[in-house]
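> Mapped onto mature numbering (1 follows the signal peptide of the UniProt record, and there is no 0), the consecutive letters of the sequence shown carry residue numbers -16 to -1, 1 to 85. Heads up, the beta-carbon is just placed ideally off N, CA and C, and yes, glycines get one too. Since the model is a prediction, treat every value here as computed from it, not as a measurement.
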Amino acid sequence: MRWVALLLPLCYSCASEDALNTEGYKIASDLLTKSINFSQRSVIWPMLHGDDKWQPKDYNLTALMKLMSARAVHAFASFDATPDERNVSRRILRVNSVTKD
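1. If you measure between the beta carbons of R78 and D64, is that distance less than 8 angstroms?
2. Give the DSSP-derived three-state secondary structure of D68 in the structure shown.
3. Any idea what DSSP makes of R74, helix, strand or coil?
4. I'd like to check one pair, T66 with R75: are the Cβ atoms closer than 8 angstroms?
Here it is, written out as structure tokens:
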């Protein structure tokens, strides 16, 4: 039953909201500051790093949204073009809000 003793801390850590929030913050922080990196410098996010470090002139929302969309990360909404059922020569642009699962 040694495996039960090894699995119990894992199960308890999954049930701990504080641990999940801490890990979630670390993952989000790593994603935003390391993998999304414009012009070879760290990206400053006001919600993660504080308003005093964020400079509006260094922030390009259009470039960020293009990069996130290319990586299939939809922060605000997802966009999709589907064929029109009434007229197949036309397409319908669908905008879906992102919901939390």
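Reading it off the structure:
1. The residue you call residue 78 lines up with position 94 of the sequence shown. The residue you call residue 64 lines up with position 80 of the sequence shown. Taking 8 angstroms as the Cβ cut-off, R78 and D64 qualify as a contacting pair.
2. Taking the first residue of the sequence shown as position 1, residue 68 is located at position 84. Correct three-state label for D68: coil.
3. Residue mapping note: residue 74 aligns to position 90 of the sequence shown, counting from 1. Here R74 sits in coil by DSSP.
4. Locating residue 75 in the sequence shown gives position 91, counting from the first residue. Locating residue 66 in the sequence shown gives position 82, counting from the first residue. The answer is yes: Cβ separation under 8 angstroms.
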